[in-house]
Each structure stands twice: as structure tokens, then as C-alpha cells.
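First residue of the sequence shown? That's 1 in full-length UniProt numbering, and the numbers climb one at a time after it.
Just so you know, even glycine gets a beta-carbon here, dropped at the ideal spot from N, CA and C.
Reading through the C-alpha cells given below for one structure.
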Amino acid sequence: MLLLVLWTKEHQTHKAVNKELPRRVSKIKALFSKTKIGQGINAIEQLCHDYFEMHVGVVRAYRSQYQAHCYEHTLGRINDYELEKGSYEIAWQILDFVDQLAQYEHTSPYLTPIPPLDADQAVDRRRDLLHIRALQKKGLPIVFLQGMSGMGKTTLCKLYIYTYIEEYTYVAWIGTGASLTDALVAYFFDEKNQQLYTQQYKQDIKLQRIIAFLQQLPGKKLLIADGLDRYQPQDLDMFKELCKQANFDILISTTQPYRGDDFQAIDIAYFDEEQSSELFFKEHLSAKEDDSLPKLLGLVDYQPLMSRLLARVLRQYKEWNVKELHKALHQSSLANTNWLIATRLLEDRAQDEQVLFTHVLTLLNIAGFSDNEKWVMKQFIVFPPFEIDWQDLKRALNLPTRITRFLSVNRAHYNFLDGLETLTQKGWLSCDKTAYKFHGILQEAAHYFLRFEIDDDWEGLAQTAYHLQQIYLEQKRLNEAHQISSYLEVVRHRYE
1 MLLLVLWTKE HQTHKAVNKE LPRRVSKIKA LFSKTKIGQG INAIEQLCHD
51 YFEMHVGVVR AYRSQYQAHC YEHTLGRIND YELEKGSYEI AWQILDFVDQ
101 LAQYEHTSPY LTPIPPLDAD QAVDRRRDLL HIRALQKKGL PIVFLQGMSG
151 MGKTTLCKLY IYTYIEEYTY VAWIGTGASL TDALVAYFFD EKNQQLYTQQ
201 YKQDIKLQRI IAFLQQLPGK KLLIADGLDR YQPQDLDMFK ELCKQANFDI
251 LISTTQPYRG DDFQAIDIAY FDEEQSSELF FKEHLSAKED DSLPKLLGLV
301 DYQPLMSRLL ARVLRQYKEW NVKELHKALH QSSLANTNWL IATRLLEDRA
351 QDEQVLFTHV LTLLNIAGFS DNEKWVMKQF IVFPPFEIDW QDLKRALNLP
401 TRITRFLSVN RAHYNFLDGL ETLTQKGWLS CDKTAYKFHG ILQEAAHYFL
451 RFEIDDDWEG LAQTAYHLQQ IYLEQKRLNE AHQISSYLEV VRHRYE
């Protein structure tokens, strides 16, 4: 109700400004038509100050809000070129932009797109949510959610947003595969300006410009930094600044434990037996009670990712039952061999990750994938583990060399989309509407499983990855584009 009242007030105020704005813009354009550039610039500065200060936070689309900020920053440069040729052109660009801005209306508290939560598939994590709330009331409201891959940290962040959304005026979600500042720029700033902004300004200036804009937005705000597995001291400084100067609560999901004293941290625990069973039955749907199920789920330590994957695997492979799968994961010679492989490959990681890798590798070995499914998995192995839209995938795969290679190995009836769908049904890929993702630990195990085929087809796989990178660069999605080339290097050297 509070949000509704707030939005109504903003909407009414915005309508009042809309009536005045065309008149002011017309007067300024008349000044420029009469070549009264100095007066025009002063009028633009005053208009933008009035408009941006009061109304930049009530624009409809999140990119439009930050586009407004970029133009406000561009406006500040006019003083340096006041009587030069460029100032006239810049001023007209700003006028055109203000004309467009007057049409926007605020309808959402989301500063960035928020990933949806499938409530039917989510398990109640009230205890974790209450723990987060308790820590936020102690000291700085910045909380690290830390734990190994597959513990449900991202889902917990979604649950937090949808549980407490009414307490925040604005909410932002960023995926942080690149540096935190670059991720903020990529998510928040408009597509036309973010590349220039990234290249032209130093880290500390970018930080201050982002904070300066966010300070203009009223009320309490929430930032989710998902997947910040590598962070630097300047990232921690950024969190402090956003919290103190821009009134943000911040949740950071990470596999890298936070060891400092400035922020709060929660070790995300495994599910208990009840939670793991609940998730299993939600994913399997037709499963029946089985005396061996607690043993199977206990074997994987009630780990959320594995609980979901086991349910999907058993649902798809009708010839398996719970007891047989438990035996394959625990007692078979294959499981023992995979344990030796995991301890050798992951010697620098925690035993929990080695155990998880062992189970995933065993499932990969007994799953019996089709050629289509293997082809899709190989392609996803060289992509960073973020969500990729089907339309972008389709464009990235449409290469002459790819078609030639495809035909040369007798895959005339190959169907990439069919492979995506079957892998999603079996739990190996996750899907949000038309976007697909290969979870990091599943991806790493699949790379070892398909390593020889990947080596043989490396040139073609890398080419498609770089094509996807070009698509992202065209779309000015710099955060994702920057991750692709660095991740290809990780994949290329992973098992050398």
C-alpha cells in the first residue's frame, strides 16, 4: 500500500512537469534558432537541474533512468566548450532527449531486470531469510551469502527480494562475472553511453558517478550482487559507499568466503532431509515414497543442486529407480574411479566440491546422451555460466564454418533447440523462459566428460563463442561480452 501511495504521488508530480516541459523546451529551441547559444546553454542547465533532480527517479524504464544520468553528465561538459562548435550539437542532443524523457512514467521499482522466481519450485527457506534480517539490523546492512556451488544462493536472493520487496523503493540485481564497477556500468547505464563511459573514465570516477546518480533516487534501496566469486578491496569500498551514501541494503552471493570484519557473512548450509525431499518431489512430480530415498539424498548431503538433478534424472530415465541410482553413485567401481579423478583435478578445493564433482561425473557417465545433447553441452561448456537467450544462441551458431562442419559429420537432422529442451527436462540445463544456463559445477564436470571431443572441435566451438561475444558487443552488453574471452582461456587450460 505504501508503495502504491508513493508511486501515485510521483505519477501526479510527473504529469504536472509534463505540462510545463514542452513550453520550456520550445523557448530554449527558439534561443538556439536565434543563435543565442550562451542563453540557450544556461536555460538547458537550469531545466536539466530542475528535471533531473526532481524526476529522474520516476522514469519508466531502468535504462532510461541511467540514460538521463549520462546526459546530465554530458551536459556538465558544455561549460568546457561553451562557444565552440561542439557545444551547439551537444545541446540539441540533450534537448531531443528531454523531449523523449517527458513521455516516460514510473511503473516499477526495478532499476534492473529482476530474474523471476518459480514459486512452485522453490523450497521454504524461512530460517535463512530470518537470519539475513537479523544481521541487517546489526551494523552495516551488507551481507555476504557464502557457500560452494549449487547451494541455492541465487534462489535465496530471489526469495529475499520477493519476500521483502514492499520494504524497498528501488531494487537492483546485477550478475558479477566481471569486476563489480564494470558490472554496475553494464547493468545501469544506457547502451549508447556505457562503452564510452567504461573506456574514458578511471575506476574512482566511475564509482563516484554511479553513486552520485543513485543518491538522487529516494527511499530505501536493495542491491543484489549475484555470483561475486572474485572481489577486490575497491569492490568492498563500493559497497560501503552505496550503503552509506545511497541508502542501500546489499546482499552478495559468493563462493569466496569473506574474512574481514566490516561486513556480515552467512555460511549457506545444506538443506535438511525435509527440505531436500520437498525439492525432490517438486521436481519429480510423479515420484512415490521410497525407503531408499533418504539414503540417496543423504549421500549427496541434501545438496540443493543435486537434489534437483537427481529428481530430474529419475523422472527422465524410467529404467532407473532410487535404489539402483544410490548404488551407482555410492558403491560402483565407476563411482570409485570418479572419486580418484575428482581428488586429482580438484586437489586445491574443499572435499565437499570434490564429492559433488564425483557424483556429477558418475551421472554423466551413466546418462547415455544423444549426439544432439552432447553437441549442445559442448557449446555451453565454452560459454560462461550465465543465462543466454535462445535468439542470441541462434545467431551465434549461424556460421558458414559451423554448417560445413555440421554437414561433414553427417548431422543433417541435427536440432539444436531439441537438444536444449531435452537437456533442460533432464536437469542438466536450467531455463528461464527463453534463456538457458549451464550451472558452473555441472559445466566443469561435463567438460572433463567431453574433454577429447572438445579438443577435437575447439576451433569451431571458440569461433561460436566469439560470435556470441560480438553479438553482445553490438547490444552494448559489455559485462557479458568481457566474460567470454576470459572464460575461454579458463576452459582451454582447465585440464592441460
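query, result
"Please report the residue range of the alpha helix (DSSP H) in which S307 lies.", "304-316"
"Within the same chain, show all residues whose beta-carbon is closer than 7 Å to that of D267, passing over the 5 residues directly before and after it, in chain order.", "Q146, G147"
"Below 8 Å, can you find three or more Cβ-Cβ pairs linking the region 442-461 to the region 470-477?", "no"
"Beta-carbon separation of L314 and H359 under 7 Å?", "no"
"From this set, V355, S370, L393, L420, which residue's C-alpha is nearest I441's C-alpha?", "V355"
"On the three-state DSSP scale, how would you describe A350?", "coil"
"Return helix, strand or coil for G460, following the three-state DSSP convention.", "helix"
"To the nearest angstrom, how far is it from the Cα of H482 to the Cα of D226?", "17 Å"
"Using 8 Å as the threshold, is the region 271-281 in touch with the region 230-250, meaning 3 or more CB pairs across them?", "no"
"Return yes when the Cβ of T112 is within less than 7 Å of the Cβ of A172, no when it is not.", "yes"
"Where does Y170 fall in DSSP's three states?", "strand"
"What is the rounded straight-line gap between the Cα of L236 and the Cα of I165?", "24 Å"
"By the three-class DSSP mapping on this structure, what secondary structure does K221 have?", "strand"
"By the 10 Å Cβ neighbour count, where 16 or more other Cβ atoms means buried, how is G152 classified, buried or exposed?", "buried"
"With DSSP as the reference, label G368 as helix, strand or coil.", "coil"
"If you reduce the DSSP assignment to three classes, tell me which class Q256 lands in.", "coil"
"What do you reckon, are the CB atoms on V322 and D290 nearer than 7 Å?", "yes"
"Are the CB atoms of A396 and T464 nearer to each other than 7 Å?", "yes"
"When DSSP builds the beta bridges, which residues end up paired with S430?", "K437"
"Please classify F386: does DSSP put it in a helix, a strand, or coil?", "coil"
"Decide if S486 is buried, meaning its Cβ has at least 16 other Cβ atoms within 10 Å, or exposed.", "exposed"
"Within the continuous alpha helix (DSSP H) that includes L417, where are the two ends?", "416-425"
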